[in-house]
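Since the structure comes first, as structure tokens, the remarks are kept for the end.
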Amino acid sequence: MAPNTVSSKKTKSQNPFWIGVILVATGVGLALLSIWIVAFTHDDYRSLLSESAPILLQRRGNSAFYMMPLIFLALIMLGLFCIAISIRKRKFSASITQKADKVFSTLLIAGFLGIFVGGYLGNQYWSASFVNAGYSLCQHPSGVTAEWLTDVWVDNTGLCQDQDVLRKLRSHRYTLDDVNHHIQSSRVQGSPPSP
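Numbered per this note's numbering, the sequence shown spans residues 482 to 676.
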């Protein structure tokens, strides 16, 4: 019976360690992913604005990632706490655990609230940037792209009703770059986009 007891003690002390490692790795990976999504979105919008693209698609859901790393920071800290328990081979005192709980819960609440606040502020910032650059918002964006949480900004409001443009934006065969290139080349030729 002694080997079983030793084995179960090792398993119990190793569980918090591996749970901690998984939480830290997940938190770091998701934080990096959310930072990459925000950076990619900013680069995409800046590039489209600098090219004076006829159509811009604002994916409002991406703005939720502005404050989301706070949630992942809570995961990382919880994982480090689990690793520390495993290394110490005993639990922390009740006062330290309560303080850690406050930190975790504060980060989680701030992160979840930040999803909405960061999303709102990010969308407001980019909407103002598009308006300042001379773009207008199409009134029924889901009818234009068939995508949820996507606003369609155009440099000419006639594009919101252009059937050829609408067909291409709804199709998965054409990228936004294809559609913008088509519009720009037809403008250079002096003719409206052809069906």
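Cβ coordinates follow ideal geometry from the N, Cα and C atoms, glycine included.
- Asp636 sits in coil when the DSSP states are folded into three classes, being neither helix nor strand.
- Distance check between His523 and each of Val509, Leu511, Gly510 and Leu538 places Leu538 closest, using alpha-carbon atoms only.
- Per DSSP, Leu588 is one residue of the alpha helix (DSSP H) stretching across Ala575 to Asn613.
- Here the stretch 560 to 577 makes no contact with the stretch 539 to 548; the two share fewer than three CB pairs at distances below 8 Å.
- Your pair Gly560 and Leu504 checks out as a contact, with CB atoms roughly 3 Å apart and the cut at 8 Å.
- In this structure, the alpha-carbon of Thr631 lies about 16 Å from that of Ala609.
- Of the candidates Asn613, Leu511, Ile596 and Cys563, the residue whose Cα lies closest to the Cα of Ser531 is Asn613.
- Closest in alpha carbon position to Ile566, among Met548, Val502, Thr587 and His653, is Val502.
- The C-beta distance from Tyr616 to Trp634 rounds to 4 Å, short enough to fall under 8 Å.
- Ser667 carries a helical assignment under DSSP once its states are collapsed to helix, strand and coil.
- Per the Cβ contact rule, the stretch 546 to 565 is in contact with the stretch 505 to 525 (3 or more Cβ pairs under 8 Å).
- A straight line joining the alpha-carbon of Leu594 with that of Met558 spans about 19 Å.
- Taking 7 Å as the cut-off, the Cβ atoms of Asn604 and Ser544 count as close.
- CA-to-CA, the gap between Asp582 and Phe498 works out to about 18 Å.
- Note on geometry: alpha-carbon atoms of Ala520 and Tyr526 lie some 10 Å from one another.
- Nearest neighbour of Ile577 by Cα position, chosen from Phe562, Thr507, Ile516 and Ser667, turns out to be Phe562.
- With fewer than 16 other Cβ atoms from the protein chains shown falling within 10 Å of its own Cβ, Asp659 counts as exposed.
- By the criterion of a C-beta distance shorter than 7 Å, Ile596 is surrounded in its chain by Ala545, Met548 and Met549, once the five residues flanking it on both sides are discounted.
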